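Let me begin by presenting the structure, written as structure tokens, before commenting on it.
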Amino acid sequence: MQFTATPIGGVFAFSGGVHTDARGSFQRTYCSAAFAEHGLELVEAQAAISRNTATGTLRGLHFIPEADGEAKLVRCIAGRIFDVAVDLRPASPTYLQHISVELDAARGNALYLPRGVAHGFITLQDDCDVLYQFSRAHRAGVEMGVRWDDPDLAINWPMPPTVLSDRDRTLPFVKDLIGD
Ligand SMILES: Cc1cn([C@H]2C[C@H](O)[C@@H](COP(=O)(O)OP(=O)(O)O[C@H]3O[C@@H](C)C(=O)[C@@H](O)[C@H]3O)O2)c(=O)[nH]c1=O
17 MQFTATPIGG VFAFSGGVHT DARGSFQRTY CSAAFAEHGL ELVEAQAAIS RNTATGTLRG
77 LHFIPEADGE AKLVRCIAGR IFDVAVDLRP ASPTYLQHIS VELDAARGNA LYLPRGVAHG
137 FITLQDDCDV LYQFSRAHRA GVEMGVRWDD PDLAINWPMP PTVLSDRDRT LPFVKDLIGD
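Structure below.
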């Protein structure tokens with residue numbers, strides 16, 4: 017498992033660790049000791065899978081404010097997604113900046129987001145399954161969100177979304193949240 021720091025503090029990309037042989041492959045996808053060594057919050061409270069039928073399905077951008085937030089590890093276990101992490105920690109030097117990474121089930125790479133960093137993705141092909149590990153149990157009504165096409169974030173999505181939830185379509189812009 018290789019931990020690669022990104023320009024956004026606390027956001028790490030993971031790759032490697034895939035052992036291939038005649039049967040297929042074996043990959044360690046999580047190691048609590050390695051997370052602890054790198055100072056990352058463990059993501060062991062809950063796991064979840066989102067299945068996405070159509071190319072261009074967009075989910076996000078979702079976050080919980082840092083003080084009450086959750087860390088998450090995101091991995092594509094079928095297909096490929098364009099995955100985005102947006103820094104919404106007001107005190108962070110990279111506040112409002114984002115990074116993107118293609119998560120590919122065939123590569124087995126993953127992205128770790130600490131508390132206060134928003135997350136979203138768009139699917140790059142049909143039938144993409146996304147596996148999450150969370151540091152805290154889901155709490156209904158706590159999660160917030162900002163619009164995927166917020167001009168202040170200027171995310172260069174690889175295509176326009178084809179499928180969005182009603183909630184995501186009507187999320188506020190960051191400028192509407194500031195001061196809350
Ligand atoms: C996120 C989540 C949802 N749910 C339920 C609530 C709801 O009935 C149903 C669908 O939830 P949502 O519409 O919020 O699912 P979705 O829009 O896929 O939400 C996810 O989006 C991506 C971008 C993330 O980063 C995730 O953390 C999560 O916010 O599943 C859980 O039971 N546990 C969970 O952890």
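What the sequence shown shows, in the numbering used here, is residues 17 to 196, in sequence order.
Using N, Cα and C, we set each Cβ at its ideal position, and we do this for glycine too.
Model, not experiment: these values are computed from the prediction.
Using a Cβ-based criterion (distance less than 7 angstroms to any ligand heavy atom), does residue i qualify as near ligand 1?
i	result
A64	yes
E159	yes
H54	no
G85	no
S181	yes
Could you please give me the residues that DSSP links to residue i through a beta bridge?
i	result
Y46	Paired residues: none, contrary to the question.
K88	L129 and F150
H114	V102
D120	R96
I65	L147
Anyone know if the C-beta pair for residue i and residue j falls short of 8 angstroms?
i	j	result
L169	L112	yes
L74	G136	yes
V133	D103	yes
I171	I115	no
V59	F189	no
A70	A94	no
Suppose the cutoff is 7 angstroms on Cβ atoms and the five residues either side in sequence are ignored; what does the same chain contact list for residue i look like?
i	result
V117	A29, D99 and L127
G32	M17 and Q18
Can you name, in chain order, every residue of its own chain whose Cβ lies under 8 angstroms from the Cβ of residue i, other than the five neighbours on each side?
i	result
P81	L104, G132 and M160
My guess is that residue i and residue j are in contact by the Cβ rule of under 8 angstroms, so how many angstroms apart are they, rounded?
i	j	result
R96	L140	4 angstroms
L119	A87	At roughly 17 angstroms, the Cβ-Cβ gap does not stay under 8 angstroms, so L119 and A87 are not in contact.
R152	A64	That pair is no contact at about 12 angstroms.
L77	W173	That belief does not hold up - the Cβ atoms of L77 and W173 are roughly 11 angstroms apart, past 8 angstroms.
S66	V179	The Cβ separation is near 12 angstroms, so there is no contact.
Q43	H54	So it is not a contact: roughly 18 angstroms between Cβ atoms.
Suppose the cutoff is 6 angstroms on Cβ atoms and the five residues either side in sequence are ignored; what does the same chain contact list for residue i look like?
i	result
G85	R131 and G132
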